[in-house]
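Visitor: First to last, the protein sequences are chains A and B.
Per the working numbering, residue 6 is the first one in the first sequence, and the count goes up by one each step.
Per the working numbering, residue 6 is the first one in the second sequence, and the count goes up by one each step.
There's a structure below that I have some questions on.
Number of protein chains: 2
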Amino acid sequence: MGLGEATLRNHGRPPTVIDVAEACGLSTATVSRVLNGLVASVAPETAQRVIEAARSLGYTPSAIGRSLRQSETRIVVLLVPDLTNDFCADVAMSLEKALQLGGLSMVLCNTAEKPEQQDRLLADAESLRPRGIVLLGAMDTPRLRAMAQTARPFIFINRRPPPPIKAPYVGIDNKAAGRAVAAHLLERGHTGIAIIHGPRKNSASRSRLEGFLGRIAEHGIDPASVIQIESALTTEAGYGHGRELLSRGQPPRAIFCGNDMIAYGIYRAAQERGVSVPGGLAIVGFDDNGINAWLAPWLTTIRVPAVDFGPAVASLLNEKNTARRESEVILPFELTVRSST
Amino acid sequence: MGLGEATLRNHGRPPTVIDVAEACGLSTATVSRVLNGLVASVAPETAQRVIEAARSLGYTPSAIGRSLRQSETRIVVLLVPDLTNDFCADVAMSLEKALQLGGLSMVLCNTAEKPEQQDRLLADAESLRPRGIVLLGAMDTPRLRAMAQTARPFIFINRRPPPPIKAPYVGIDNKAAGRAVAAHLLERGHTGIAIIHGPRKNSASRSRLEGFLGRIAEHGIDPASVIQIESALTTEAGYGHGRELLSRGQPPRAIFCGNDMIAYGIYRAAQERGVSVPGGLAIVGFDDNGINAWLAPWLTTIRVPAVDFGPAVASLLNEKNTARRESEVILPFELTVRSST
DNA sequence: TTGTACGCGTTATCAA
DNA sequence: TTGATAACGCGTACAA
């Protein structure tokens, strides 16, 4: 049991290639070759000796040393706006799974939708020298623009890179989704329409709004007659807006929400006010959170294939010269009609 | 704008201390001192020169170099069993937030409750030489036992370290929680009791079961008369067990679930079968997922303070010699009584 | 107050 | 097939 010795020699620090090399009487170069699977250029019995020594020492290669040598880590940083949002959690899980397959680790950071926090996290991310930086719901900040000129791969999910920046994008056709919701509401004869959309500086929100209003205009309704509210994408915000809207003299009869979280809040507000859904108020969400199938089987919403985002992003990361490429992966969405409309 | 030059010289790689040193005509040592805030031993105007040079080059220190030098990274690895479980997401977010405050990054990995995957991830984690490894819902695996002998801090959340291992633990008093649920059901006069608990090899599940049955026995009921089912902690599993239980000749009239996800599944099964809650069936969950307030306002459950886990873990990580200490942080739980009982 | 030089762990290059 | 060695970026002990 050589573990004790090595541990002692290194003052409790993990064994290194040198320890392994000494233990098996070979050079560090050979040890490295064996452990990196370059079996072609190593004698079988030599390889065996190395492997045994490594195992008896409990040796695990240091990613730090490797990274320094190769000036690249096997880390991907994912920035999300809100991990309590089911949709974000699903995307994070899907990405982590896809990265695991390629031997990459995922550092997860929460921007809480705060621009300064995003910038701080981007700086931290840069210092990690990650293989790539993935932004779910990016905000247009100074540091983002500065770093986007770097060679490091940036990938944008759901919100496109702010104009001057060229970088790969993975998401759905938000404009078409907005149109689909409008078409659905009009088809069902819903009037008194309102939209509670996400932040305007967020391309996804803007596109959905644009598509939604465009389709409504085509139907001969003045878009200016549509109540438009810019909102945070949380249940609390949705609830607040719901209470306010429903207490108006002429409350809306149909609301298109920026995401499902907002829709949950609206629903609660309607319940509290005794407004029936969809009779008194139609509600449409966005994302189709996985939990809907169990806890919100009433919610008509746009299904966004969260689990497909991870593989798409991972494959973009594996492409050569992904960095400044303007590739796009547009995933399909689907209008899921349930009883709230 | 020196950015171009440095970028060119380094073939597109990020600038280093050397680049900064050259740019300001000082030594790398001085640059390093300034950037690490050792202002005491540097002339003010010198510091200024360094800072300007660093900024004009867009220099960000490499965590790789730093880590190698100090043989320690600023990374903490968190292993979770299932990120789609609201509770896990909340804990992850809470930990990430707490770590951010201390300048640490969080690598998040999903074990999917698979022992082999946990072992693979533990190996990957070890190679990262993280500041600590945090396990939410650890499984007793060979590699876990082996690595637990290391100097590296391990922290267990929710499930205790398997017996020979000594390591800090953060969680609630699961036995007491199990007792509390039993007491509540008995007090309300519920009979025909069943428990759908998590994996037996998981200390949290065991303790809850033990406490629950213990309290029931004290009440003069034979614990053997309680239907006990070992289950995965997912909605799907809960739904499946719910269907099975409710189709029995003598279905249970009250079910204590291993977590809220199972409870959601049971609820659905009851609805589909036309069984009223709590009239026909009482349901108790566990965790009190944040989403309950909005989507499951009917669920009686044990509130576990997910957001307090992060700070508790972070402070354990900051303690000296946390590694083999057997410290414990027992957080308070609370029985949240709603309409399902 | 500033500079020189070494070593952290690894792998790629070159030489044997 | 194997070994010696340099280099990756950084922080610090020591020297100036």
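The C-beta atom is built at its ideal place from N, Cα and C for all residues, glycine as well.
If you're wondering where the values come from, they're calculated on a predicted model, not measured in any experiment.
1) Between which two residues does the beta strand (DSSP E) containing residue 246 of chain B stretch?
2) What span of residues does the alpha helix (DSSP H) with residue 272 of chain B cover, start to end?
3) Where do the N-terminal and C-terminal ends of the beta strand (DSSP E) with residue 110 of chain B fall, by residue?
4) Tell me whether residue 308 of chain B sits in a helix, a strand or coil according to DSSP, three-state version.
5) What is the DSSP secondary structure of residue 9 of chain B, counted as helix, strand or coil?
6) Comparing alpha-carbon positions, which option in A:277, A:69, A:211 and A:258 lies nearest residue 232 of chain A?
7) Is residue 18 of chain B close to chain A? Criterion is C-beta to C-beta, closer than 8 angstroms.
8) Counting only the same chain and skipping the five closest in sequence on each side, list residues whose C-beta sits under 7 angstroms from that of residue 122 of chain A.
9) Along the alpha helix (DSSP H) that carries residue 92 of chain A, what are the first and last residues, could you check?
10) Rounding to the nearest angstrom, what Cα-Cα distance links residue 20 of chain B and residue 73 of chain A in this structure?
11) Applying the criterion that 16 or more other CB atoms from any shown protein chain within 10 Å of the CB defines a buried residue, is residue 279 of chain B buried or exposed?
12) DSSP three-state label for residue 202 of chain B, please.
13) Along the beta strand (DSSP E) that carries residue 176 of chain A, what are the first and last residues, could you check?
14) Quick one: what does DSSP say residue 233 of chain B is sitting in, helix, strand or coil?
15) If the cut is a Cβ gap below 7 angstroms, which residues of chain A does residue 264 of chain B touch?
16) Would you mind telling me which residues of chain A sit closer than 7 angstroms to residue 111 of chain B, beta carbon to beta carbon, in chain order?
17) Check whether the stretch 284 to 293 of chain A and the stretch 302 to 322 of chain A touch, using three or more Cβ-Cβ pairs below 8 angstroms as the test.
18) Considering only their Cβ atoms, is the gap separating residue 65 of chain B from residue 133 of chain B smaller than 8 angstroms?
19) Under 7 angstroms between beta-carbons, which chain A residues line up against residue 51 of chain B? List them in chain order, please.
20) Taking only beta carbons into account, state which residues of the stretch 275 to 300 of chain A come closer than 7 angstroms to chain B, listed in chain order.
21) Closer than 7 angstroms by beta-carbon distance: list the chain B residues that pair up with residue 240 of chain A, in chain order.
22) With 16 other CB atoms within 10 Å as the buried threshold, where does residue 143 of chain A fall?
23) At the level of alpha carbons, what is the spacing between residue 199 of chain B and residue 267 of chain B?
24) In whole angstroms, give me the CA-to-CA distance for residue 8 of chain B and residue 57 of chain B.
25) Going by C-alpha distance, which of A:317, A:333, A:326 and A:300 is nearest residue 343 of chain A?
26) Are the C-beta of residue 2 of chain B and some C-beta of chain A separated by less than 8 angstroms?
27) Using alpha carbons as the reference points, say which of A:298, A:218, A:325 and A:99 lies closest to residue 240 of chain B.
28) Using a Cβ-Cβ cutoff of 7 angstroms, what residues of the stretch 123 to 149 of chain A are near chain B? List them in chain order.
29) From residue 243 of chain B to residue 271 of chain B, what distance separates their C-alpha atoms?
30) Can you find a C-beta in chain B that's less than 8 angstroms from the C-beta of residue 10 of chain A?
31) Exposed or buried, residue 17 of chain B, counting other C-beta atoms within 10 Å across all chains shown (16 or more means buried)?
32) So, residue 235 of chain B versus residue 213 of chain B, is the Cβ gap smaller than 8 angstroms?
33) Are there any heavy atoms of the ligand PLP lying less than 7 angstroms away from the beta-carbon of residue 287 of chain A, as far as the coordinates show?
34) Output yes if chain A places a C-beta closer than 8 angstroms to the C-beta of residue 22 of chain B; else output no.
35) Determine, for residue 43 of chain A, whether the minimum Cβ-Cβ distance to residues of chain B falls below 8 angstroms.
36) Helix, strand or coil for residue 161 of chain B, going by three-state DSSP, please let me know.
Guide: So, from the listed chains and residues:
1) From DSSP, residue 246 of chain B is part of no beta strand (DSSP E) but of the alpha helix (DSSP H) over 240 to 251.
2) 265 to 277
3) 110 to 115
4) strand
5) Because residue 9 of chain B carries a pLDDT of 39, less than 50, the predicted location of this residue cannot be relied on, and the following value inherits that uncertainty. In this structure, residue 9 of chain B counts as helix in the three-state DSSP scheme.
6) A:258
7) yes
8) 116
9) 91 to 106
10) 14 angstroms
11) exposed
12) strand
13) 174 to 177
14) strand
15) Ordered by position in chain A, no residue passes the 7 angstroms Cβ test against residue 264 of chain B, which lies about 13 angstroms from the chain.
16) 112 and 113
17) yes
18) no
19) Simply none; closest approach about 23 angstroms.
20) 295, 296, 299 and 300
21) 299
22) buried
23) 13 angstroms
24) Confidence in residue 8 of chain B is poor, its pLDDT being 40 and thus under 50, which makes the residue's placement unreliable; the coordinate value appears in the next sentence. If you take the alpha carbons of residue 8 of chain B and residue 57 of chain B, they lie about 12 angstroms apart.
25) A:300
26) With chain B represented from 6 up to 346, any question about residue 2 of chain B goes unanswered, as that position is not in the structure.
27) A:298
28) 128, 129, 131, 132, 133 and 134
29) 5 angstroms
30) Summary for residue 10 of chain A: the model assigns pLDDT 42, below 50, so the residue's position carries little reliability; its value from the coordinates is reported in the next sentence. Cβ-Cβ to chain B under 8 angstroms: no for residue 10 of chain A.
31) exposed
32) no
33) Inclusion of the ligand PLP in the displayed structure is not the case, the ligand content being empty and no account of it being possible.
34) no
35) no
36) strand
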